[in-house]
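Count along the sequence shown from 1, add 13, and you get the number used in our numbering. Just so it is clear, CB atoms sit at the ideal spot from N, CA and C, and this is done for glycine as well. All of these numbers come straight from a predicted model, not from anything done at the bench. Single-structure report; data block below.
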Amino acid sequence: MIVDIHGNTPLHFAAMASYSNRQKGKDAIRALVSAKKKLAKCENYSGKTAQDLIVEPAEEFYKSSKEMLENSRSDAVRSKIQEAVALTEEVTKFARLHLNPSK
Numbered sequence: 014m015i016v017d018i019h020g021n022t023p024l025h026f027a028a029m030a031s032y033s034n035r036q037k038g039k040d041a042i043r044a045l046v047s048a049k050k051k052l053a054k055c056e057n058y059s060g061k062t063a064q065d066l067i068v069e070p071a072e073e074f075y076k077s078s079k080e081m082l083e084n085s086r087s088d089a090v091r092s093k094i095q096e097a098v099a100l101t102e103e104v105t106k107f108a109r110l111h112l113n114p115s116k
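See the structure below:
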């Protein structure tokens with residue numbers, strides 16, 4: 014089961030993190046990795062589907078990350094954002110394939 018962080022899943026928490034701060038970027042990536050490891054056990058959480066918990070927040074993050082990449086001048090921050098985007102894409106793909114195969 015995914016751990017609840019003040020009403021948000023770790024993936025949603027990661028998507029809301031500020032990437033202007035290196036440590037927050039690292040924390041967000043750790044949250045994404047943790048979410049990926051726990052996804053196989055989470056088909057339904059508080060009446061919500063994997064689509065609600067994982068795919069939709071990941072898509073929101075993906076859209077906002079493009080803007081963050083365009084506005085970032087730091088190569089280190091850009092690298093962390095790109096790493097988080099890659100993990101987000103992987104988590105989303107996993108969720109779509111394994112958690113809700115009928116949708």
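Sub-9 Å separation of residue i and residue j beta-carbons
i      : j     : result
Leu100 : Arg91 : no
Straight-line Cα distance separating residue j from residue i
i     : j      : result
Lys93 : Ser78  : 11 Å
Ser85 : Glu72  : 20 Å
Ser87 : Glu103 : 24 Å
Asn34 : Ala89  : Per-residue confidence for Asn34 stands at a pLDDT of 48, beneath the threshold of 50, marking its modelled position as unreliable; the derived number appears in the next sentence. One C-alpha to the other measures close to 10 Å.
Glu80 : Gln95  : 12 Å
Span of the alpha helix (DSSP H) around residue i
i     : result
Arg91 : Asp88 to Phe107
Ser78 : Glu69 to Asn84
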